[in-house]
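Scroll down for the structure; my scribbles are underneath it.
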Amino acid sequence: MTMHSSIHSRARGLVALLALSPLIAFGASDTDRIIVRYRDQAAARKTTAGARVASRRVTDAAHQRGLNASPLRTDGRGAQVWAVDRKMTYEEALALTKQIAAADPEVEYAEPDLIMRPTLVPNDPYYPFQPDLHPITPGINAPAAWDRTSGTGVVVAVADTGYRPHADLAANLLGGYDFVSLWPFGASVFPNDGDGRDSDARDPGDWCVSDPNHQTSSWHGTHVAGTIGAVTNNGVGVAGIAHGARILPVRVLGMCGGYSSDIADGISWAAGLPISGVPNNVTPARVINLSLGGPGSCLYTYANAISAARSKGAVVVVSAGNSNGDAANAMPANCPGVVAVASVNASGTRSSFSNYGPTVALAAPGETILSTYNTGTTTPVGDAYAYSSGTSMSAPHVAGVAALMLSANPSLAVDAVTSLLRSSSRAFPGDCTGCGIGLVDAGAAVNAAIAYGAANRIDESTFFVQQLYFDVLRRKPDSGGLAFYMGLLNACNGNPACLASTRVNIALGLFQSQESQALYPDLNPATSPNYNDAFVTRIYQCFLQRNFDPDGGVTWYSYLNGTNDYAGVMTAFITSPEYRKRFGNP
Ligand SMILES: [Ca+2]
Ligand SMILES: [Ca+2]
Ligand SMILES: [Ca+2]
C-alpha cells in the first residue's frame, strides 16, 4: 500500500535564533525537616514550662510516626525549624505537620520544610524557543520530569525516514536498520540509497517529484528523533525530551512514502521480533514512535505487528493524522492497542489540521515545534534546526514521556504506561473536543510511574474502575460515576466473591451502556445486525487491546449464540491472564 499522506508534518522553516538567559524553576521533594510557628501572642509559650509543653506536643506527634524530632533553630520569620531522624515523603511530612497544628491551638502554622532543587533547565541555546517542553500549559512540563529521570536505559524506536547524524543528535543514536525494500520492477516508493534493506538507516533524502505536496526532502525522521532525544545540556541547539534514552532509527519511509509491509516489519523488528533476512535487534525498543499514516481501516498487517510488539513490552505511539477528521479513519492511529496522539496549538486548543475523536488517546503540542533538521532540499547538505507542525510532532512528545516513565520505573507493563499517561494528563486550557483524555504532562506522568511501583494495580478498585472508563468509554471517570461504582465495590467489604461479581457487573454495565453504544454503534442491540459478533469484536478490542484471533473469535461467538451468557464472557475476559498482563505480572 502506498501512503501518499504518509508523513504527518506540515509547514516548516529554517531558523537562526539568538540565545536567551535560561529559565529557573524548582521542584519539591522529600524532607527530614518541619517548620512550626506559634502565634505572636502565644501565652503558654511565654513561660519555660509552657514552651516545654509545646515542644513535647511536637516530639510526641513525631514519636507516633516512629520519628525522633529535635529543634534546630528559629528561622527568619520567628518559626521553629525541627529535624526528624529520617526522610519523610511529602505526604508523610504533611500529615505530621497537620497533626501538630491540630493538637495545639497556639500553633499558627506547621508545614514540611520541603527540599527544593533546581529543576534541570538545559543550557541548550534554543531551549527558550521550545515552549512545547516548558511547564506552562500547553507545554509538557518536561523540567519536572527531568528532576527524576532523563530516560536512561530505555530505547525508543523512531520508525520514519531514517536519520541524519546531526551534531545535536548523533551521540544518542543507535545504528538501527533500513527496511525500505527495493523492487526490481515498478514501485511507487523508492529507497533512494541504491539498495533495498540494509544496515545503514541514514536518510538520503525523500524528495518526491511525483507528489506536488511533498517536493523537497522532509528530514522528518531527524526532526522526530530530535524531539525525543536531541543531545541536551550540551550548550548546543535544542533539548530533547528523553535525552538520556537511546534512539533506534528504523527507516521505513523512502521517497514518496513507505509500504505498510515494510513499516510493519520495522515495528516488529524494533520490538525485538525476528524478521527474515535481517539481523536480530539486540537493543529492543520499549517505545515505538510512528509519526506516519494513511487513510483506511486498520490493516491486519498493522494490527498483528502492533499486537506482537505490545506482547514484547513495547508501547506503540502513533500520530492521529492531519486530515481535520475522525482519527477512526486514519491508520495506524485506529489500530487496537496504540496510543494515538492529537495536536494542540500554543493556546492548548486543537490544531486546525489535527484528527480527533474517540480513537485519540491524548494530545500534545504539535505546532511550530523546533528540532534537528538538514539544510538540503533534496540530498543532505548541513545540520540545521527547523520548526515543523503536525501530529507527527505531537506523537514524539508522548513517546518521549513514555520513555521517561519507563526509565523511572522499568517494571511498568505496556498498559500501565498508557493508563498513567491518561490519568496524569492535564485538562485542556482551550477547546479541544475529540483530543482524547487530556494534555500530556511529563512531570505528573513520571511521578505516577514511580508511585505505581511493581504491583499489578488492576486488583485495586479505583484503578480498575478508572481503567474501565479508559478502555470502554475512552475518557476519565466523572466524579459521580466513580463514586457510584466505588460504592458498589466498597460495599463488598473485601469479600472476594462479591468483588469478583461486582467487577463483572460494572464492566458489563459500562460496555453495554448507551455511552458505549454511541461510541460503537454496532454494540446497540436494537440496530446491530449481528450483536453477538460485535460483542466479541469489541470486547477483544476494549479489554485486550487487539483484534480477536480466529480461534478465540469463533469460540466466544459460538458460546454467546448458544447461551447469551454475556456476563460469563465478560468474566472470562477480565479475569484472563492476558487482561491482567496489560498492567503488570499476571
Ligand atoms: Ca537501502
Ligand atoms: Ca540504507
Ligand atoms: Ca542540544
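Numbered by mature numbering (1 follows the signal peptide of the UniProt record, and there is no 0), the letters in the sequence shown go through residues -27 to -1, 1 to 559 in order. Where is the CB? At the ideal position from N, CA and C, for every residue including glycine. Keep in mind it's a predicted model, so treat the numbers as computed, not measured.
Contact check for VAL223 against TYR150 passes: the beta carbons are separated by less than 8 Å. Relative to ligand 2, ALA389 has its C-beta separated by 7 Å or more from all heavy atoms. Within the segment 439 to 484, complete beta strand (DSSP E) segments of at least 3 residues are not found at all. For secondary structure counted as the beta strand (DSSP E) over 3 or more consecutive residues, the segment 186 to 245 holds these complete runs in sequence order: 219 to 224. DSSP places SER392 inside the alpha helix (DSSP H), whose first and last residues are 387 to 396. The continuous stretches of beta strand (DSSP E) do not include GLU340, and DSSP gives it neither H nor E. Between ILE342 and ASP97, the C-beta gap is not smaller than 8 Å, which leaves the two residues out of contact. The three-state secondary structure of THR274, taken from DSSP, is helix.
Residue selection by CB proximity (closer than 5 Å to any heavy atom of ligand 2) returns ASP151, ASP166, ASP171, ASP173 in chain order.
For LYS71, there is no enclosing beta strand (DSSP E); the enclosing alpha helix (DSSP H) has its first and last residue at 63 to 76. Here the alpha carbons of SER241 and ALA281 stand approximately 7 Å from one another. About 17 Å separates the beta carbons of GLY202 and ASN254, which is beyond the 8 Å limit, so they are not a contact pair.
Taking C-alpha positions only, PHE401 is separated from ALA337 by approximately 10 Å. Ligand 3 never approaches GLY373 closely enough for any of its heavy atoms to be under 7 Å from the residue's Cβ. Beyond the five residues adjoining it in sequence on each side, GLY286 comes within less than 7 Å, by CB distance, of ARG259, VAL387 in the same chain, given in chain order. A straight-line Cα-Cα distance of about 39 Å links VAL182 and ASN206. According to the DSSP assignment, VAL255 belongs to no beta strand (DSSP E), since it is labelled neither H nor E. Boundaries of the beta strand (DSSP E) harbouring GLU81: 80 to 85, taken from the DSSP string. Taken from the Cβ of ASN302, every heavy atom of ligand 3 lies 7 Å or farther away.
In the structure shown, ILE113 adopts coil according to DSSP, grouped into three states. If you check the C-beta of ASP356 against ligand 3, you find no heavy atom less than 7 Å away. Here the segment 296 to 308 lies against the segment 264 to 273, with 3 or more beta-carbon pairs under 8 Å apart. ASN503 sits exposed, since fewer than 16 C-beta atoms from the chains shown fall within 10 Å of its C-beta.
By the CB criterion at 8 Å, TYR532 and PHE521 fall outside the cutoff.
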